[in-house]
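Enquirer: With the UniProt record's numbering as the guide, the letters of the sequence shown map in order to residues 1 to 522.
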Amino acid sequence: MVTYNSTISAVGEVDNYYVYLTSGRTYYFELEGSATGQGTLADPVMSLRPYPYTTVVATDDDGGVGLNSRIAYTATSTGWFGLDMRGFGSNTGSYRLNFSEDDYRNTPEGVGAAGNLGSGGAGTGTINYAGDRDVFAVNLTAGQTYHFEIQGSPTGNGTVADTYARLMTSSPGVGTIVAQDDDGGVGLNSRIVYTPTASGTYYLQAGEFGDNGTGTYRVFAHADEYRDTVEGTGAAGLIDTGATRAASLQVAGDHDIWSTTLISGLTYTIGERGSPSGGGTLPDAYLRVLSAANTQLAADDDSGVGLDSQVTYTATSTGTHYLEAGSFGDAYAGSYTLNISAGVATAANNVITGTAAVDAVNGAGGNDQIRGLGGNDWLLGGAGNDTLRGGAQNDLLTGNSGADILIGGANADRFNFDTVGDSTPGARDILRAGDGGAAFDAPGAGAGDRIDVLDIDANVLAGGNQSFTFGGTTAGHLWLTESGTNTIVNANIDGDAAIEFQLVIEDGGVRASAYSAADFIL
């Protein structure tokens with residue numbers, strides 16, 4: 001913006017300024033006097049004339065604040081124009097002339113360029129004079145939720161103190177307001193959350209509340225990854241127990257809703273991690289656990305590392321729960337990592353039944369009975385003599401210490417052993433048929449069940465963690481024998497005559513020779 005200061009010293013005096021304008025561009029001229037404290041001229045008048053300065057193409061008396069003058073003009077030719085400044089009637093006094101080119105047109109149907117946010121993005125602009133507005137085109141998809149924000153001085157993204165946002169359609173009525181907001185963002189910033197019912201080009205209009213101020217601002221338009229509330233529109237994220245997911249809060253005040261399935265009586269540790277622990281860029285997370293009816297069950301601000309959030313919650317019902325990932329005070333944007341542990345049972349003898357979803361269950365102590373049902377479940381027995389039943393789908397079963405019974409059920413399951421102590425000759429785990437599956441599905445194919453011993457050091461006499469070799473009976477080898485109608489898996493890790501790891505497969509007379517190295521993760 002260019003500013004000139006001068007004085008109308010005598011009645012009838014006219015001051016002349018000359019400016020060079022470009023055809024098709026919109027310019028703003030404002031003549032300020034006592035109405036805005038920029039001089040003593042009570043009632044200024046202004047006219048605009050193109051070369052040779054004989055024809056007036058625009059004039060104004062009181063179009064600005066109070067009795068100030070304002071002209072908005074889109075040049076129809078390129079060249080020099082003259083500006084005439086005078087006082088209305090017998091008015092004299094000092095004044096200030098402001099001249100600027102508008103960065104964006106004021107309305108969707110107006111002349112001049114509109115800003116372009118594509119299908120979502122960010123941009124900057126300037127409210128050049130009191131009453132100026134800027135329009136940005138943005139392409140929206142029906143059913144997708146979007147966030148729009150006009151940020152000024154409250155978040156350090158400009159100098160406009162109090163922004164105002166309007167979202168408008170391009171059809172059937174150009175300029176029809178479908179959503180608007182004054183102070184829904186941080187401080188006096190504006191924020192709109194909108195889900196269009198029709199796809200097409202929309203227009204975001206940035207302005208200043210009351211059309212009184214000027215300054216710079218930053219505009220944001222983003223498709224929301226996940227809906228903001230339990231009952232809101234758009235998709236919720238899905239996070240299974242025992243899993244980790246990454247996402248972003250796209251603007252300050254954004255929330256992400258995640259759906260998960262919890263089991264009554266199990267305790268879960270849930271975290272939202274940002275920059276304090278290297279989980280993302282979010283500086284201060286805020287996490288809530290909600291019921292399917294949107295009742296808050298637990299919440300946390302800073303129980304994780306630094307300003308990260310972490311909740312320990314014991315479910316009182318089985319079924320869908322929601323996690324709301326946000327920022328403290330709705331003040332921040334940034335990426336984050338969301339994680340939820342396996343559900344941990346008590347040290348008692350528990351009977352735990354999973355769900356049709358993906359369940360991660362840790363039986364902890366006691367002689368537990370854990371049933372996964374549907375989903376690709378991870379069942380961990382913990383200490384004690386446990387019975388684990390995967391059910392349908394591709395399950396991961398880990399008995400841990402004790403003599404456990406592992407029933408994979410239908411589909412391709414993995415039986416996992418972390419140490420030789422998980423299944424010893426004195427406390428052997430048993431793979432048993434049930435729930436639509438054999439004790440070991442598709443032996444020899446490497447495409448059915450598999451036995452995972454990768455984490456066991458196959459030869460403690462050698463350095464590092466050694467892998468097993470299939471066949472042979474010396475240290476570092478794993479081999480199969482038969483006992484009645486069962487197949488026995490044996491392993492030696494130290495080269496002596498004793499077997500340190502032993503597992504029973506109740507496979508009903510399947511010959512040991514039917515199995516191959518492909519049935520194991522060695």
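Ideal placement from N, C-alpha and C gives every residue a C-beta, glycine not left out.
Could you say if the stretch 324 to 337 and the stretch 360 to 376 meet the contact criterion of at least three C-beta pairs nearer than 8 Å?
Expert: These segments do not touch.
Enquirer: Classify L97 as buried or exposed, calling it buried when 16 or more other Cβ atoms lie within 10 Å of its own Cβ.
Expert: Buried: at least 16 other Cβ atoms inside 10 Å.
Enquirer: State the Cα-Cα distance for the pair S401 and A383, rounded to the nearest angstrom.
Expert: C-alpha separation (whole angstroms): 5 Å.
Enquirer: Alpha carbon to alpha carbon, how far is D228 from D256? Give it in angstroms, no decimals.
Expert: So the alpha carbons of these two residues sit roughly 5 Å apart.
Enquirer: Relative to the C-alpha of P425, which candidate in Q502, T7, V289 has its C-alpha closest?
Expert: The option with the nearest alpha carbon to P425 is Q502.
Enquirer: What does DSSP give as the partner residue(s) for T481 in the beta ladder?
Expert: Per DSSP, I488.
Enquirer: Less than 7 Å between the beta carbons of M85 and D15, yes or no?
Expert: Taking 7 Å as the Cβ cut-off, M85 and D15 qualify as a contacting pair.
Enquirer: Just list the beta strand (DSSP E) runs in the stretch 259 to 300, keeping only unbroken ones of 3 residues or longer that don't cross its boundaries, in chain order.
Expert: 267 to 273, 285 to 290, 296 to 300, all fully within the stretch 259 to 300.
Enquirer: With distances taken from CA atoms, which of G39, A518, M1, L287 is nearest A447?
Expert: Looking at the Cα atoms, A518 is the closest of the given residues.
Enquirer: Give me the residue from E149, F440, E32, S259 with the minimum Cα distance to T92.
Expert: Out of E149, F440, E32, S259, E32 has the C-alpha closest to the C-alpha of T92.
Enquirer: Quick check on DSSP: helix, strand or coil for A497?
Expert: Residue state, collapsed to three classes: coil.
Enquirer: What are the partner residues of P50, as DSSP defines its beta bridges?
Expert: F81, per the DSSP bridge assignment.
Enquirer: Under the three-state reduction of DSSP, which class applies to A206: helix, strand or coil?
Expert: In this structure, A206 counts as strand in the three-state DSSP scheme.
Enquirer: Between L461, I71, D395, which lies nearest to Y129 when the distance is taken from Cα to Cα?
Expert: Minimum Cα distance to Y129 is reached at I71.
Enquirer: My understanding is that D457 touches R414, with C-beta atoms under 8 Å, so please give their C-beta distance in whole angstroms.
Expert: Between R414 and D457 the Cβ distance is about 20 Å, and since that is not below 8 Å, they are no contact.
Enquirer: Given a cut-off of 7 Å on the beta-carbon distance, is the pair R218 and T78 in contact?
Expert: Not in contact: R218 and T78 (Cβ atoms no closer than 7 Å).
Enquirer: Got a sec? Which residues, its chain only, sit under 8 Å from L167 by beta carbon, not counting five neighbours each side?
Expert: Excluding sequence neighbours, L167 sits near F148, I177, V178, A179, Q180, I192, Y194, Y202, Y203, L204, Q205.
Enquirer: Excluding the 5 residues preceding and the 5 following S248 in the sequence, name in chain order all residues of the same chain whose CB lies nearer than 6 Å to its CB.
Expert: Taken in chain order, the residues that qualify are S335.
Enquirer: Determine the direct distance from the alpha carbon of S190 to that of L282, and round the result to whole angstroms.
Expert: If I take the Cα positions, the gap works out to 21 Å.
Enquirer: Tell me, which residues are paired with R218 by DSSP?
Expert: DSSP lists T124, Q151 as partners of R218.
Enquirer: Report the rounded CA-to-CA distance for N465 versus L431, giving the unit in angstroms.
Expert: If I take the Cα positions, the gap works out to 26 Å.
Enquirer: Does the separation of the CB atoms of G381 and G408 fall below 7 Å?
Expert: For G381 and G408, no; Cβs fall outside 7 Å.
Enquirer: Going by the CB atoms, is the gap between V138 and P108 shorter than 7 Å?
Expert: No, Cβ-Cβ distance for P108 and V138 is not below 7 Å.
Enquirer: List the endpoints of the continuous beta strand (DSSP E) containing M1.
Expert: Careful: M1 lies outside any beta strand (DSSP E) and carries neither H nor E.
Enquirer: For W378, count neighbouring C-beta atoms within 10 Å of its own C-beta (all shown protein chains included) and say buried if the count is 16 or more, exposed if not.
Expert: W378 comes out buried.
Enquirer: Using the DSSP secondary-structure output, state which residues sit across from Y332 in a beta bridge.
Expert: None, per the DSSP bridge assignment.
Enquirer: Buried or exposed: R511, going by 16 or more other Cβ atoms within 10 Å of its Cβ?
Expert: Exposed is the call here.
Enquirer: Give the C-beta separation of T155 and G215 to the nearest angstrom, bearing in mind that I take them to be a contact with Cβ-Cβ under 8 Å.
Expert: Actually they are not in contact, since the Cβ atoms of T155 and G215 sit about 13 Å apart, beyond 8 Å.
Enquirer: Over what stretch of residues does the beta strand (DSSP E) that includes R245 continue unbroken?
Expert: Note, R245: beta strand (DSSP E), 244 to 249.
Enquirer: In the structure shown, what three-state DSSP assignment does V420 receive?
Expert: Helix at V420.
Enquirer: Which stretch, first to last residue, makes up the beta strand (DSSP E) that contains Y28?
Expert: Unbroken beta strand (DSSP E) run through Y28: 26 to 32.
Enquirer: Please report how far the alpha carbon of S275 lies from the alpha carbon of A292, in whole angstroms.
Expert: Approximately 30 Å between the Cα atoms of the pair.
Enquirer: Spatial neighbours of S516 within its chain, please: C-beta separation below 6 Å, excluding the five flanking residues on both sides.
Expert: The answer, listed in chain order, is G444.
Enquirer: State the beta-bridge partners of S69 as determined by DSSP.
Expert: According to DSSP, which records beta bridges pairwise, S69 is partnered with L31.
Enquirer: Going by C-alpha to C-alpha distance, which of G187, R245, S153, T141 sits closest to H222?
Expert: Selected option, being the one with the closest Cα: T141.
Enquirer: May I ask you to report which of helix, strand or coil DSSP gives D254?
Expert: Three-state DSSP puts D254 in coil, outside helix and strand.
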